[in-house]
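Worksheet for the structure shown next.
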Amino acid sequence: MNYFKRFHLLFTILLSTIVLHTSAQEKGGIVQGKVIDSVSKKALEFITLAIKKDGQAIKTAVTAENGTFKFDKIVAGKYSLTAIAVGYNAKILSFEINADKPDFNAGQITLASQVNNLNEVSVSVTRPVIKQEIDRISYDIQADPESKVLTALDMMRKVPLLSLDADDNIKLKGSGNYKILINGKPSSMVARSPK
Numbered sequence: 153m154n155y156f157k158r159f160h161l162l163f164t165i166l167l168s169t170i171v172l173h174t175s176a177q178e179k180g181g182i183v184q185g186k187v188i189d190s191v192s193k194k195a196l197e198f199i200t201l202a203i204k205k206d207g208q209a210i211k212t213a214v215t216a217e218n219g220t221f222k223f224d225k226i227v228a229g230k231y232s233l234t235a236i237a238v239g240y241n242a243k244i245l246s247f248e249i250n251a252d253k254p255d256f257n258a259g260q261i262t263l264a265s266q267v268n269n270l271n272e273v274s275v276s277v278t279r280p281v282i283k284q285e286i287d288r289i290s291y292d293i294q295a296d297p298e299s300k301v302l303t304a305l306d307m308m309r310k311v312p313l314l315s316l317d318a319d320d321n322i323k324l325k326g327s328g329n330y331k332i333l334i335n336g337k338p339s340s341m342v343a344r345s346p347k
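Those letters in the sequence shown? Residues 153 to 347, per the working numbering, in order.
See the structure below:
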């Protein structure tokens, strides 16, 4: 009888360990950090970050006003984190997520200003997801690798200064006074019901 109690206890502990380990893998890890200017040491906002696996971008994010960024639900594997912005040299960091290290803190990523040489022109394939202009902030759906699996509302949640409430009402800086343009033109479809 005592043998069966020990066996039952050992089996329960083993099963609990397997379940906890499996749920930890499904949850995924967190990748976070802050992007700053190499000279001024000031936080940089609207910097595009991409997590790549085998050269393919699998997730993208944009830094907040304080320069911070955060990715979640990153499954175990070897990755590279790329930070790019107009006027700055790209920075690439390699990291690994596994059971021992489920999270990666990139710390402060410093970006150096890009020196423009007139001798040659190089074209980069990776485009920033968010582009800040004088009178607008543009979100480039084609540059976002997650656009194929996210809904339009999920993509809008990634745009800085734009928020959605529980009823999926769109707010810009907390206000409902805004205009949505599609390909640079007002859309009557969105103007009637922006939900």
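For glycine and all other residues, C-beta sits at the position ideal for the given N, C-alpha and C. Because the structure is a prediction, the values reported are computed rather than measured.
Straight-line CA distance for residue i to residue j?
| i | j | result |
| --- | --- | --- |
| Gly-328 | Glu-248 | 42 Å |
| Asn-218 | Gln-184 | 13 Å |
| Ala-304 | Ala-235 | 24 Å |
| Ala-176 | Thr-200 | In this predicted model, Ala-176 has a pLDDT of only 47, less than 50, meaning its place in the structure is not dependable; the value taken from the coordinates is given anyway. Answer to the nearest angstrom: the Cα atoms are 28 Å apart. |
| Ala-213 | Asp-224 | 11 Å |
| Leu-333 | Lys-323 | 15 Å |
| Gly-180 | Glu-272 | 42 Å |
| Ile-282 | Ile-289 | 7 Å |
| Glu-285 | Asp-252 | 43 Å |
| Gly-336 | Asn-250 | 44 Å |
| Gln-208 | Gly-229 | 13 Å |
| Asp-317 | Ala-216 | 19 Å |
| Pro-338 | Tyr-291 | 15 Å |
| Ser-315 | Asp-206 | 33 Å |
| Pro-254 | Ala-202 | 18 Å |
| Phe-256 | Tyr-330 | 37 Å |
| Ser-274 | Val-238 | 13 Å |
| Asp-105 | Ile-226 | Absent from the structure is residue 105, since the part of the chain shown begins at 153 and ends at 347. |
| Asp-287 | Lys-310 | 19 Å |
| Leu-313 | Leu-302 | 19 Å |
Tell me the DSSP secondary structure of residue i in three-state form.
| i | result |
| --- | --- |
| Gln-266 | coil |
| Asp-189 | strand |
| Ile-289 | strand |
| Leu-233 | strand |
| Gly-328 | coil |
| Ser-299 | helix |
| Ala-176 | For Ala-176, the predicted structure reports a pLDDT of 47, less than 50, and the residue's modelled location is therefore unreliable. A value from the coordinates is still provided. Ala-176 falls in the helix class under three-state DSSP. |
| Ser-274 | coil |
Strictly by DSSP, which residues pair up with residue i?
| i | result |
| --- | --- |
| Ile-322 | Leu-316 |
| Ile-226 | Gly-181 |
| Lys-205 | Gln-208 |
| Asn-257 | Gln-184 |
| Pro-338 | Leu-333 |
| Glu-248 | Lys-230 |
| Lys-194 | Beta-bridge pairing links Lys-194 to no other residue. |
| Ala-213 | Leu-201 |
I'd like to know whether the C-beta atoms of residue i and residue j end up nearer to each other than 9 Å.
| i | j | result |
| --- | --- | --- |
| Ile-188 | Ile-293 | no |
| Leu-263 | Ser-190 | yes |
| Lys-204 | Ala-195 | no |
| Ile-182 | Pro-297 | no |
| Gln-266 | Tyr-231 | no |
| Pro-280 | Phe-221 | no |
| Met-307 | Ser-299 | yes |
| Thr-278 | Ala-258 | no |
Cβ of residue i less than 9 Å from any chain D Cβ?
| i | result |
| --- | --- |
| Asp-306 | The chain inventory of the structure shown lacks chain D, comprising one protein chain alone. |
Can residue i be considered in contact with the ligand ATP, in the sense that its beta carbon sits closer than 8 Å to one or more heavy atoms?
| i | result |
| --- | --- |
| Gly-239 | Among the components of this structure there are no ligands whatsoever, and the ligand ATP is therefore not found. |
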